[in-house]
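Residue numbers (my numbering): 7 to 383.
Here it is, written out as structure tokens:
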């Protein structure tokens, strides 16, 4: 680890060393989680064990650097099934969600993240319980997953210095049309900096006219890092709907307010110490029931941003891929690893993307350097 720490001190711009160390932790966490996505697996157990795994792995790196940098979970593990769009991460104190188990054929979206010294790597992918090369995913489930995969591959290739955020938005929308699907309306991808995963530069999926107007236009610049969140639904007229599921994931804002309730002050102080500026699940707090009470006042006064559990129609399927990308003068760098589970022989849609999207998804992320020397006379 001494060599890694030396590189961290030398690196500038993208801080790609710490991003990649965090990404390796995310990769291992995803790999071990995917092996557990079986019929009858409890979602709460999957979430808690994976968060513990990330913290344990992060605890093993950069311990010789003084002071030891903060590190751990940058996005709590969420396991959102079928029409649940995102942020499903149950509490043991909630009997309605803590008993949820996976079923054969469930379309499972897993999202998680790690950070080293505030530099986050976040990833998400979609898995189908029980699918195999002998029993591949077909029908509308396959349409959603393949559309999301093509959209993600198209998006990263449009992340070039000088391009606008709308180039990515339009590429994602175009990639999904051939599968008779659509991006989930209003979902945001954001610039990421140290201790920030929701920076000011943003990309919106399938934004309505008001959302597009509010967001504005942004130009990609060298050295920037983005978390690209691709969510695609079989419902072409989709709008995220509030659900009855309890919100369990929150994130501190930069707002200030003197909390009145002693419980709220204790909970907020614990949040500051344990999660810093990153999203957290109420599970990480010492007392879940007290935490549920304490976050209410903080959220009411905009000290916390809730990550609500939104859903699509019950008979629809939502697929997700999330990657962290860095922008260099030679093209985008995929800081997180490619999907672990997705392979063409596992997902068999009878639909195809348009030819432009297909070619774009196969293009190299960065052009190869021409190392041929010029002939001399």
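All C-beta atoms, glycine included, are put in the ideal place defined by N, C-alpha and C.
Quick caveat, the model's predicted, so the values are computed rather than measured.
Under the three-state reduction of DSSP, which class applies to residue i: helix, strand or coil?
i           : result
residue 121 : strand
residue 352 : coil
residue 237 : strand
residue 312 : strand
residue 19  : In this predicted model, residue 19 has a pLDDT of only 48, less than 50, meaning its place in the structure is not dependable; the value taken from the coordinates is given anyway. Correct three-state label for residue 19: coil.
residue 226 : coil
residue 174 : helix
residue 95  : coil
residue 188 : strand
residue 287 : strand
residue 300 : helix
residue 59  : helix
residue 404 : Here the chain has residues from 7 to 383 only, and residue 404 is not among them.
residue 9   : Confidence is the limiting factor: at residue 9 the pLDDT is only 42, short of 50, which leaves the residue's position unreliable, though a coordinate-based value still follows. Reduced to three states, the DSSP call for residue 9 is helix.
residue 340 : strand
residue 207 : coil
residue 128 : strand
residue 373 : coil
residue 67  : coil
residue 380 : Unreliable positioning characterises residue 380 in this predicted model, as indicated by a pLDDT of 49, which lies under 50. The coordinate reading is nonetheless provided below. If DSSP states are grouped into helix, strand and coil, residue 380 belongs with coil.
residue 14  : Bear in mind that the predicted position of residue 14 carries a pLDDT of just 36, short of 50, making it unreliable; the figure below should be weighed with that in mind. Three-state result, residue 14: helix.
residue 247 : strand
residue 202 : strand
residue 48  : strand
residue 273 : helix
Tell me residue i's beta-bridge partners as DSSP assigns them.
i           : result
residue 232 : 197 and 331
residue 325 : 238
residue 113 : 134
residue 79  : 120
residue 143 : 353
residue 294 : Paired residue(s): none; residue 294 is not in a bridge.
residue 255 : 287 and 313
Under 6 Å Cβ to Cβ from residue i, same chain only, skipping five residues before and after it: list those, please.
i           : result
residue 25  : 125, 127 and 341
residue 339 : 332
residue 99  : 294 and 295
residue 284 : 80
Whose C-beta lies closer than 7 Å to the C-beta of residue i among residues of the same chain, with five residues either side of it excluded?
i           : result
residue 251 : 94, 103 and 315
residue 56  : 35, 39, 83 and 118
residue 173 : 164
residue 248 : 314 and 316
residue 111 : 134, 135 and 136
residue 292 : 276
residue 319 : 89 and 241
residue 148 : 353, 354 and 355
residue 389 : Any property of residue 389 remains undetermined from this structure, which presents the chain solely from 7 to 383.
Report the option in the options whose CA atom is closest to the CA atom of residue i.
i           : options               : result
residue 214 : 310, 201, 224 and 246 : 246
residue 367 : 270, 160 and 171      : 160
residue 324 : 154, 47 and 220       : 154
residue 207 : 192, 201, 216 and 225 : 225
residue 108 : 134, 78 and 27        : 134
residue 143 : 350, 363 and 51       : 350
residue 30  : 373, 66, 201 and 145  : 66
residue 294 : 253, 311 and 91       : 253
residue 139 : 374, 352 and 362      : 352
residue 122 : 81, 152, 51 and 91    : 81
residue 167 : 132, 335 and 373      : 335
residue 210 : 171, 200, 199 and 201 : 171
residue 45  : 58, 244 and 87        : 87
residue 175 : 58, 96, 218 and 343   : 218
Please say whether residue j and residue i have beta carbons closer to each other than 8 Å?
i           : j           : result
residue 240 : residue 150 : yes
residue 332 : residue 371 : no
residue 255 : residue 212 : no
residue 236 : residue 326 : yes
residue 192 : residue 359 : no
residue 330 : residue 233 : yes
residue 328 : residue 130 : yes
residue 79  : residue 114 : no
residue 282 : residue 101 : no
residue 72  : residue 186 : no
residue 238 : residue 312 : no
residue 258 : residue 194 : no
residue 120 : residue 162 : no
residue 54  : residue 289 : yes
residue 106 : residue 49  : yes
residue 307 : residue 263 : yes
Quick one: residues in its chain with C-beta nearer than 8 Å to the C-beta of residue i, no 5 flanking neighbours on either side, listed in chain order?
i           : result
residue 230 : 197, 207, 332 and 333
residue 270 : 299, 300, 301, 302, 303 and 304
residue 383 : For residue 383, the pLDDT reaches just 45, beneath the cut-off of 50, and the residue's location in the model is therefore unreliable, although a value from the coordinates is still provided. Here the set comprises nothing.
residue 321 : 89
residue 346 : 33, 36, 37, 40 and 131
residue 169 : 225 and 226
residue 362 : 180
residue 265 : 271, 274, 303, 304, 307 and 309
Please confirm whether residue i has its beta-carbon closer than 8 Å to some beta-carbon of chain D.
i           : result
residue 133 : Included in the structure is just one protein chain, with no chain D present.
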